[in-house]
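Novice: Handing you this structure, nothing more for now.
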Amino acid sequence: MIRALSIVVFSLVTSDAMADALAGPTSRQGLNPIAIAMFLGFVALSLAVTLWAAKRGTRTASDFYTAGSGLSGFKNGLAIAGDYTSAATFLGVTALVYTSGYDGMIYAIGFLVGFPMILFLIAEPLRNLGRYTFADVAAYRLSEVPVRLIAGVNTLVIVLFYLIAQMVGAGKLIELLFGLPYFVAVALVGVLMMAYVTFGGMLATTWVQIIKAVLLLTGSALMSYLILARFGFSLERLFGQAIAVHPKSTAIMAPGGLVKDPVSAISLGLALIFGTAGLPHILMRFFTVADARQARLSVLVATGFITVFYTLLFVLGFGAIALVLADPTFKDAAGNLIGGTNMVALHLADKLGGSPLLGFISAVAFATILAVVSGLTIAGASAASHDIYTCVLRRGKASDQEEVRVSKGAAVAISVAAMTLGMLFENQNIAFIVGLVFAIAASANFPIVFLSIAWRGLTTRGAVAGSLAGLLSALVLVALSPGVWTAALKLGTAPFPYDNPAVFSVPLAFLTTWLVSRLDRSAAGAAVRFAFQAQHVTAQTGFDRPGTAAFH
Amino acid sequence: MDVARILDHPLFQRLAFERRCLGFVLATAMAVTYFAYSLTIAFRPTLLGTLIFEGSVITWGVVIGAGLLSFGFFLTAVYVLVANTRLDAISQQLQEDLK
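Which chain is which? The protein sequence lines are A and B, in order. Sequential numbering of the first sequence, starting at 1, is according to the working numbering. Sequential numbering of the second sequence, starting at 553, is according to the working numbering.
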């Protein structure tokens with residue numbers, strides 16, 4: 001029954017530095033009938049939602065991509081939170097706190113700071129200028145074909161890399177939770193996400209994300225309550241017990257080895273703080289609400305949710321140290337945690353509420369995976385269909401129906417690609433992927449979106465050159481970094497010493513954009529600089545927004 | 553839409569200026585506190601290991617970390633509050649004026 005697996009789930013949420021702390025053998029759990037019943041219940045519910053969404057109609061492009069822009073800010077905020085918080089965060093951050101204590105908090109903070117930045121820098125103009133994809137914003141005044149091509153390629157690169165990380169993690173997790181073989185687990189996730197997106201479009205995807213967000217928050221709040229109840233609702237006593245049983249003792253209450261040096265700290269910080277504002281699946285969610293006011297509310301709800309969730313994870317991690325660490329029932333013969341460190345949140349659920357709670361939390365972890373992969377798939381499908389097919393290949397001549405058909409086809413293709421990549425990468429070291437995704441988002445997408453809104457002088461050539469510079473430098477530097485060069489390819493000491501390239505690639509992208517735009521003396525350059533005026537009015541006021549009736 | 557007329561309208565200029573200032577100030581506040589925190593960890597990690605008072609087990613690191621998490625939410629709430637009241641009022645007035 002016990003089968004050793006290399007640990008990969010954790011790598012979804014982390015850079016190499018932390019993967020070391022959690023490396024270790026994992027093994028499959030015994031079957032839990034309650035977990036399977038709840039898992040089947042969730043699948044049934046999500047498929048019912050998909051059917052309902054399909055009946056409501058996914059015929060027009062607006063319905064398919066953005067649920068007709070009819071969601072309330074509150075629902076969209078929950079969906080954004082559901083899109084962003086992965087199973088890897090839930091299990092990985094708890095596990096990170098369990099092994100290293102305080103370092104888990106540093107990690108959680110990094111993933112939160114990007115959200116307020118979206119609101120402060122781009123959310124309102126983004127809603128006012130775009131319809132389906134973030135490329136709409138850049139293409140509002142810049143030359144459509146080159147800008148959409150580069151934005152579409154960036155989106156597909158980000159979506160596919162992120163999907164590899166999610167699929168491999170999902171496969172391992174389901175293998176552990178439900179005892180299914182890896183390839184069956186990956187195929188199951190792939191088929192379900194394909195069904196949600198293809199039949200139910202954005203409406204079904206949104207509801208899967210909302211249900212998941214509510215389940216995840218309920219699960220972690222319930223567990224935190226049960227933990228605190230055991231310690232008389234005294235944090236002092238909880239931390240005291242954790243310090244007493246943890247081998248690192250009081251060191252778990254202070255920063256450990258997570259941040260190695262200032263350059264790495266700044267680099268990861270830049271990737272996280274600006275990368276969130278460049279993630280296509282997050283940006284796309286802003287088009288599902290009616291106006292800038294609802295867009296604001298979305299960010300407020302999402303930030304509130306994620307803040308509470310991450311704070312609770314810290315309680316869960318310390319609860320796991322205090323309650324699971326010293327309990328021999330959760331250890332194998334060698335004294336290691338059964339199933340590996342990533343399973344600590346599940347052991348904690350077992351300890352706190354027996355099989356019912358364990359079953360519930362397992363099902364929540366599964367729901368979490370599905371919500372994230374569906375969000376990625378629809379973002380990839382919209383970029384492939386709206387940006388690349390309709391606007392670049394067909395020069396805007398495709399009908400609405402044709403565009404929807406192509407995006408459904410793209411969703412199927414992306415799901416198949418994700419399943420294939422998930423199988424291929426089963427035993428690869430993919431610890432670098434999440435860092436890479438955020439670095440590409442921060443260096444290739446964020447500068448285009450931000451500068452097209454904020455800087456009159458941006459020209460098409462500048463945007464394309466800057467985005468390409470950001471994309472290529474991020475890819476090359478990550479390939480030369482310890483995470484890929486040393487850990488994945490085993491080529492010895494890495495030529496580029498840092499795991500995250502953002503400290504170089506983000507400034508390079510901005511600088512290239514600025515320089516090329518400045519040197520652009522073409523007539524087209526002058527025209528797009530002039531067009532900034534009209535764009536500025538729409539961005540600030542929402543008058544004459546694309547896709548709505550004209551203001552006057 | 554008469555772009556030139558709106559651009560020259562003092563209410564529009566105020567709206568754009570205030571929104572930009574609000575976003576810029578809050579984004580700077582968020583980035584500065586976050587990088588100050590990261591760099592403290594990189595340069596002076598022991599600082600965050602100091603206990604909040606003699607005899608407690610809770611460190612300043614935990615308090616500051618939890619504070620920083622809430623600070624992000626607080627700044628978001630400030631933006632939403634100002635935008636929903638002040639900026640939307642200016643926008644409304646501008647719309648009236650342009651009719």
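Even for Gly, the Cβ is constructed at its ideal location relative to N, Cα and C.
Is it true that the stretch 286–297 of chain A meets the stretch 124–144 of chain A, where meeting means three or more beta-carbon pairs spaced less than 8 Å apart?
Specialist: Flag = yes, the stretch 286–297 of chain A and the stretch 124–144 of chain A touch.
Novice: In three-state terms, what does DSSP make of Val464(A)?
Specialist: Helix.
Novice: Since Ala564(A) and Phe438(A) should fall inside the 8 Å C-beta cutoff, what is the C-beta to C-beta distance between them, to a whole number of angstroms?
Specialist: There is simply no residue 564(A) to check, as chain A begins at 1 and stops at 552 in what is shown.
Novice: Quick one: which unbroken beta strand (DSSP E) runs of 3-plus residues sit fully inside the stretch 104–129 of chain A? Chain order, please.
Specialist: You should have found no qualifying run.
Novice: Just checking my contact of Gly256(A) with Asp103(A) at CB under 8 Å: how many whole Å lie between their CB atoms?
Specialist: That belief holds up - the Cβ atoms of Gly256(A) and Asp103(A) are roughly 5 Å apart, short of 8 Å.
Novice: Just the C-alpha distance for Ala48(A) and Phe233(A), rounded to the nearest angstrom, thanks.
Specialist: Their backbone Cα atoms lie some 40 Å apart in a straight line.
Novice: Entirely within the stretch 408–481 of chain A and at least 4 residues each: give me those alpha helix (DSSP H) ranges in chain order.
Specialist: Correct list: 433–440, 446–454, 460–479.
Novice: Which residue or residues does DSSP assign as beta-bridge partners of Val289(A)?
Specialist: Bridge partners of Val289(A): Leu71(A).
Novice: In this structure, does DSSP put Lys651(B) in helix, strand or coil?
Specialist: Residue state, collapsed to three classes: coil.
Novice: Closer than 8 Å by C-beta to Glu570(B): which residues in its own chain qualify, once you throw out the five before and the five after it? Chain order, please.
Specialist: Arg638, Leu639, Ile642, listed in sequence order.
Novice: Met343(A) and Leu337(A) - do their beta-carbons sit closer together than 8 Å?
Specialist: A contact, by the Cβ cut-off of 8 Å.
Novice: Kindly list, in the order they appear in chain B, the residues whose Cβ is closer than 7 Å to that of Ile243(A).
Specialist: Val609, listed in chain order.
Novice: Can a CB atom of chain B be found closer than 8 Å to the CB of Asp499(A)?
Specialist: No, Asp499(A) lies away from the interface with chain B (no Cβ there is under 8 Å from its Cβ).
Novice: For a cutoff of 8 Å on Cβ pairs, would you count Ile558(B) as touching chain A?
Specialist: Closer than 8 Å to some Cβ of chain A, the Cβ of Ile558(B) qualifies, so yes.
Novice: Is the separation between the beta-carbon of Thr94(A) and that of Leu300(A) shorter than 8 Å?
Specialist: Taking 8 Å as the Cβ cut-off, Thr94(A) and Leu300(A) do not qualify as a contacting pair.
Novice: From Leu567(B) to Gln540(A), what does the alpha carbon distance come to, in whole angstroms?
Specialist: Each residue's Cα considered, the two are about 8 Å apart.
Novice: Leaving out five residues before and five after Ala581(B) in sequence, what residues of the same chain have Cβ atoms less than 7 Å from its Cβ?
Specialist: Leu627, listed in sequence order.
Novice: Got a sec: does the ligand ADP put a non-hydrogen atom nearer than 7 Å to the Cβ of Val93(A)?
Specialist: No copy of the ligand ADP occurs in the structure displayed, which carries no ligand at all.
Novice: Reducing DSSP to helix, strand and coil, say where Thr585(B) ends up.
Specialist: Helix, per DSSP.
Novice: Since Leu337(A) sits in a beta bridge, which residues does DSSP pair it with?
Specialist: Leu337(A) is bridged to Lys331(A).
Novice: Should Met105(A) be flagged as near chain B, meaning a C-beta pair shorter than 8 Å?
Specialist: It does; some Cβ of chain B falls within 8 Å.
Novice: Comparing C-alpha positions only, which one of Gly278(A), Val168(A), His246(A) sits nearest to Ala379(A)?
Specialist: Minimum Cα distance to Ala379(A) is reached at Gly278(A).
Novice: What are the boundary residues of the alpha helix (DSSP H) that Lys594(A) is part of?
Specialist: It is not possible to answer for residue 594(A), since the shown part of chain A is limited to 1 through 552.
Novice: Under 6 Å Cβ to Cβ from Gly73(A), same chain only, skipping five residues before and after it: list those, please.
Specialist: Same-chain partners within the cutoff: Val289, Gln294, Leu297, Ser298.
Novice: The alpha helix (DSSP H) spanning Thr94(A) covers which residue range?
Specialist: Run containing Thr94(A): 87–100, per the alpha helix (DSSP H) assignment.
Novice: Run down chain A in chain order and give the residues with a C-beta less than 7 Å from the C-beta of Pro597(B).
Specialist: What Pro597(B) touches in chain A: Ala254, Pro255.
Novice: Within 10 Å of its beta-carbon, does Ile243(A) have 16 or more other beta-carbons around it, so buried, or fewer, so exposed?
Specialist: Ile243(A) comes out buried.
Novice: Using the Cβ count rule (16 or more neighbours within 10 Å means buried), how would you classify Thr602(B)?
Specialist: Per the 10 Å Cβ criterion, exposed.
Novice: Based on the DSSP output, what are the partners of Thr611(B) in its beta bridges?
Specialist: Partner(s): Leu603(B).
Novice: Verify the CB distance criterion: does Gly613(B) have a CB-CB separation below 8 Å to chain A?
Specialist: So yes, Gly613(B) belongs to the interface.
Novice: Taking Cβ-Cβ distances below 8 Å as the criterion, which residues of the stretch 632–643 of chain B are in contact with chain A?
Specialist: Listed in sequence order: Val632, Ala635, Asn636, Asp640, Ser643.
Novice: Where Ile388(A) and Arg237(A) are concerned, what is the direct C-alpha to C-alpha distance, given to the nearest angstrom?
Specialist: So the two alpha carbons sit approximately 57 Å from each other.
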